[in-house]
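Asker:
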Amino acid sequence: MTLPPPAPGQHPASGARPTSRSRRRFLRQLGLAAAGSLLAPPLLQACRGQGGGAGDPASGGSELVISTFPLYIDPDEPDAPGSVARFRADTGIQLRYLEDINDTRQFFARIQPELASGRSLSQDLLVLTSWQAARLIGLGWVDPLPLAEVPNAANLIPALRNPSWDPKGHYTLPWQSGIAGIAYNIKATGRELTGVDDLFDPALKGRVSALLEMRDTMGLLMLADGQDISAPSWDAAQPSFDRLERARRDGQIRRFTGNDYQNDLLAGNLAACIGWSGDVAQLAQEEPDLRFLVPESGGLLWADVMVMPKGARHPQAAARWMNWVYEPVEAARIAAAVQYISPVQGVQAILAKDPATAELASNPLMFPDAATEQRLRVFGPLSGSEEARWEERFAAITEA
Amino acid sequence: MLPSPRPERRLRWAWILLAPGLLWLTLLYLLPLLGLVPLSLSEPLSRFGLDTRFSWHLTNYTDVLGTYGPVLLRSFAFAGLSTALGLLLAYPLACAIRFRGGRWQPLLIGLVVLPSLTSYLVRAIGWTSLLGDSGPVLGLVAALGLTDLGNGLGLLRDGRLLNTPTAVVLGLTSTQLPFLVLPLVVALQRIERRLLEAAADLHAGPWRRFRLVVWPLSRPGLASALLLSLIPAAGDVVNPLFLGGPNDRMIANAIENLLLVQLQAPRAAALTLVLMALTLVVMALSGVAVWLQLRQGSSDHLVLP
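Residue numbers (the numbering used here), protein chains in the order written: chain A, 71 to 470; chain B, 17 to 321.
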C-alpha cells in the first residue's frame, strides 16, 4: 500500500517554519560519517564539562543542557519564538539546547570516555535513538527519569508505552518517532513500487540507496524475507545480509546514506531508497512526485527518546522540560514543524482544529492509519556481543 | 662552486633550526603514534568499555587485512591515479606560470591556491552536483555522444559518473592539485633564466632546452610534489564518501568506521599502523629515487660533454 504524499503546496503550521527540506537528520550525518569525524575533536571538548563546571558560567543557577539532533524542534520565527525560547521565558530555566548530534552512531563514541569512566556529562538530557538508549540502560549509564514530576507523561501514546528498549518505561520518554520505509520518485521509477523487492529491480540499478542505520536497512530486508525482527537472530539475518552484499557488489545499490539520501532523491540521482517518513513528508511538499511506501511485508517503527545520563545535575529542570513538551499544545507545535509521529496524545485533534494545520492532521505519515500501524514492527534488542557481530558484517558490506 | 662553511658548524646550525619542529613532531605525532602499537596488539576487555588488555593479539592485523586488504590496495591505486592525472595537469601549469606568467606570477599562484580556501568538505559536496545524473558534466558528455564510449572505457558506470571510481579520482585530483603545482613552481623558479639563454645560444631548440635543462632541474620539485599528493590522497576520507559508491571506499573510511561505529579501537589502530607502514615504504622508495638522482646529478657536474 502506498501512502499518498501530502498535497503539494501545503504549508506547515503557523508556528512552524515554512518548508525547508530536512529537519531531523539533515546534519545528522551531514549525511555523513565524515563531517562527524571532522567535527568530532572540538565537540569532544564540548562534552568535557565535568564536576566543577569550568567554562560553565551558569552552573550555579537552574540550568538545563540538552543534546539532540539538528532541526528537530520548531525554530524561532521573526514573529513567533520557538519552543526553546518560550520555555526559557516561561520557566526562567536557562536551557542550553545543543543540536550537536550529527551521527547517532558516532555520538556514542563521543560520550563513551566520560560515562565509561564514571564521570558525568555536562548534559542533563540526551535525545538518542531507541536502540542506543537500550545500550546505555544496559550499561547502567543512565539515571531513571524523574517521572513523578512529569504528570504529562501520561499523555504518551499507547503504541510507545512499555517499549522493547525500556520495558518498564523508567528510563526513556520518546521525543519523536517515525517509520523507516521506502521512499521513491514515481517519475524516476515510472511505476508505483509495491515492496522491498522493487529495490532490487535491475531496472533501478545504480539508482537505489540504503541506510547506514543498520537496524532500519536490515529490518526492512528481514521483514521482506518473512523473518521476525522482534527477536532478531543472526542465522535468520544471513540471507538478508547476503542479498544486501550481492546488491552492493553488483552496483544495484548506489550508496549507503545517512540523512543525505534527501539531496540525492531531489537531485534525481536516486529513484528509490530506504528512508524515513518525516523526511519524505517534508520533501514531498517541494517534490510532489515523491512517495513513501510502508511495504506489505512490514515497515520499521523507530523512536528517538530522551534519557538522563548518569549523574545529571539538573533532574528537576529536566522534568520541567519533559512535562512542557508533553503538553499537547506544545507537542502539536513541534509536530507541525518536524512532521514525524508525535508521541503525545491529543496532537492530532489540536492540529485538526487550526485551519493552517488541518491538513497535517490527516497526513498518514504523521498519524498512521490502523492498517499501516499493523504493519509496523520494532527491531528487537541485540546483545552486546551479537551486535558486534552484526555491525562487523554490516560494515564489511558498507565500507569494504 | 662556492666553498661551503665548515661541515661541523653547518651541522650544529641544522640541529638548532630543526629542534622546534622535531620537538613538535615527537610530542604530538611520534609518541601518540607509538602509543598505537601496543593498542593494536590488545583486545578490548568489554565491548563498550575503554580498557584493553595487551596480549600480542596479532589477529587484529590478520582480521583487518583480511577484511580491508582490498580497500588498502584500492586506496593506493586511487591515490596513484589521481597523482598521475594531477601531474599531467600540474606540470604544464607550473611551467606556464613560471615561464609565461611574467609579473602575474603571484596572482596565478594565488589562483591555484584559491580553491583550498574553501573547506574540502564543501568542495566535495559541490562536486556531487556537478557530477550528478542530471548535472552539467554528464549533460556535456551526452551532448557530445560520448556516453557509450565512457561506459566502454569503464569511466562511466551505466552512464553514471557520481558514485563511481572515476568521480573519486577526479575529486582527489582536484583536492591535491595545489600541492602538486606549488612545489613544481618553486622548483622551476630556481632555474636560472641564464641557463636557458645559454642553451638557446648553443642552438638548443625548445624541446632540447626542456629535456636538458628544465626537466632535470625540476625533478626534486617533482619528487616532493609526488609525496605531497600521494600520501594525503591515500588517506582521504571525504572524496570516497561523497563521490564514491560502496564499492569505492578508501582505507580511512574503514578506519573511521572501526573506531567510531564498530568501537574496535585496537583493530582501528592496527589498520592505521598498516597504512602508516605502507606510506613509509612509499616515502622510502621516493627517498631512494631522489638520492639516486642527486648522485647522478652531482656526477653530471663532473662529466663535461
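Using N, Cα and C, we set each Cβ at its ideal position, and we do this for glycine too.
Can you pull the chain B neighbours of Thr31(A), defined as C-beta to C-beta under 7 Å?
Answerer: As shown, chain A starts at 71 and ends at 470. That puts residue 31(A) outside it, with no answer to give.
Asker: What are the residues of the region 200-233 of chain A that lie near chain B, defined by any Cβ-Cβ distance shorter than 8 Å?
Answerer: Arg205, Leu209
Asker: Name the residue from Thr182(B), Pro181(B), Gly166(B) whose alpha carbon lies nearest to the alpha carbon of Gly175(B).
Answerer: Out of Thr182(B), Pro181(B), Gly166(B), Gly166(B) has the C-alpha closest to the C-alpha of Gly175(B).
Asker: Step through the CB atoms of chain A and report whether any lies within less than 8 Å of the CB of Ser98(B).
Answerer: no
Asker: Residues of chain B with CB closer than 9 Å to the CB of Gln182(A), please, in chain order.
Answerer: Phe64, Gly65, Leu66, Leu279
Asker: Could you name the residues of the region 265-293 of chain A whose beta carbon sits closer than 8 Å to any beta carbon of chain B, in the order they occur along the chain?
Answerer: Lys275, Gly276, Arg277
Asker: Please name the residue, chosen from Ala249(B), Trp307(B), Ala305(B), Arg311(B), that lies closest to Leu291(B) on a Cα-to-Cα basis.
Answerer: Relative to Leu291(B), the option among Ala249(B), Trp307(B), Ala305(B), Arg311(B) whose CA is nearest is Ala249(B).
Asker: Answer yes or no: does any C-beta atom of chain A fall closer than 8 Å to that of Thr83(B)?
Answerer: yes
Asker: Rounded to whole angstroms, what is the Cα-Cα separation between Thr182(B) and Leu172(B)?
Answerer: 7 Å
Asker: Please report whether the beta-carbon of Leu38(B) lies at a distance below 8 Å from any beta-carbon of chain A.
Answerer: No, no contact with chain A.
Asker: Closest to Met292(A) by CA distance: which of Arg318(A), Gly265(A), Pro272(A) is it?
Answerer: Gly265(A)
Asker: Going by other Cβ atoms of all chains shown within 10 Å of its Cβ, with 16 needed for buried, is Trp245(A) buried or exposed?
Answerer: buried
Asker: Indicate whether at least one CB of chain B lies closer than 8 Å to the CB of Gln409(A).
Answerer: no
Asker: So what's Gly85(B) in DSSP terms, helix, strand or just coil?
Answerer: helix
Asker: Can you pull out the residues from the region 243-258 of chain A whose beta carbon lies closer than 8 Å to at least one beta carbon of chain B?
Answerer: Those would be none; no residue qualifies.
Asker: Under the assumption that Asp194(A) contacts Leu243(A) (Cβ atoms under 8 Å), give the Cβ distance between them as a whole number of angstroms.
Answerer: Not quite, the Cβ-Cβ distance comes to about 13 Å (not below 8 Å), so this is no contact.
Asker: When we look at the beta-carbon of Phe70(B) and count the other beta-carbons within 10 Å, is it buried (16 or more) or exposed?
Answerer: exposed
Asker: Would DSSP call Tyr396(A) helix, strand or coil?
Answerer: DSSP places Tyr396(A) in coil when its eight states are reduced to three.
Asker: Would Gly338(A) count as contacting chain B if we go by Cβ distances under 8 Å?
Answerer: yes
Asker: At what residue ranges does the region 161-210 of chain A contain a whole run of the alpha helix (DSSP H), taking only runs of 4 or more?
Answerer: 174-186, 200-209
Asker: Going straight from the alpha carbon of Thr144(B) to that of Val297(B), what length do you get?
Answerer: 33 Å
Asker: Determine the chain B residues that contact Gly454(A) at a beta-carbon separation under 9 Å, and present them in chain order.
Answerer: Ser62, Arg63, Phe64
Asker: Quick check: is the beta carbon of Glu357(A) nearer than 8 Å to any beta carbon in chain B?
Answerer: no
Asker: How many angstroms separate the CA atom of Lys380(A) from the CA atom of Gln182(A)?
Answerer: 12 Å
Asker: Quick one: does Asp319(A) have its CB under 8 Å from some CB of chain B?
Answerer: Inspection of the sequence shows that residue 319(A) is occupied by Arg rather than by Asp. With respect to chain B, the C-beta atom of Arg319(A) has a partner C-beta closer than 8 Å.
Asker: I want to verify the contact list: residues of chain B whose CB lies under 8 Å from the CB of Ser187(A), in sequence order.
Answerer: Leu66
Asker: So does Trp235(A) have its beta carbon nearer than 7 Å to some heavy atom of the ligand MN?
Answerer: Among the ligands in the structure shown, none appear at all, so the ligand MN cannot be discussed.
Asker: With respect to the beta strand (DSSP E) encompassing Glu133(A), which residues constitute its N-terminal and C-terminal limits?
Answerer: 133-137
Asker: For Trp281(A), which beta-bridge partners are listed by DSSP?
Answerer: The sequence given here has Leu at residue 281(A), not Trp. According to DSSP, Leu281(A) bridges with Thr327(A).
Asker: Applying the 10 Å Cβ sphere with the 16-neighbour rule, what's the burial state of Asp330(A)?
Answerer: buried
Asker: Mind checking if Ile344(A) is an interface residue toward chain B, Cβ cutoff 8 Å exclusive?
Answerer: No - not a single Cβ of chain B is within 8 Å of the one on Ile344(A).
Asker: Check whether the Cβ of Val153(B) lies closer than 8 Å to any Cβ atom in chain A.
Answerer: no
Asker: Rounded to whole angstroms, what's the CA-CA distance from Glu469(A) to Thr287(A)? Just pull it up for me.
Answerer: Those two C-alpha atoms are separated by around 15 Å.
Asker: Given that Ile323(A) touches chain B, what residues does it touch there, using C-beta distances under 7 Å?
Answerer: Pro262
Asker: Please check the pair Val350(A) and Leu435(A), which I expect to be a contact at CB under 8 Å, by giving their CB distance rounded to whole angstroms.
Answerer: 7 Å
Asker: Can you tell me the Cα-Cα spacing of Leu46(B) and Thr134(B), whole angstroms?
Answerer: 29 Å
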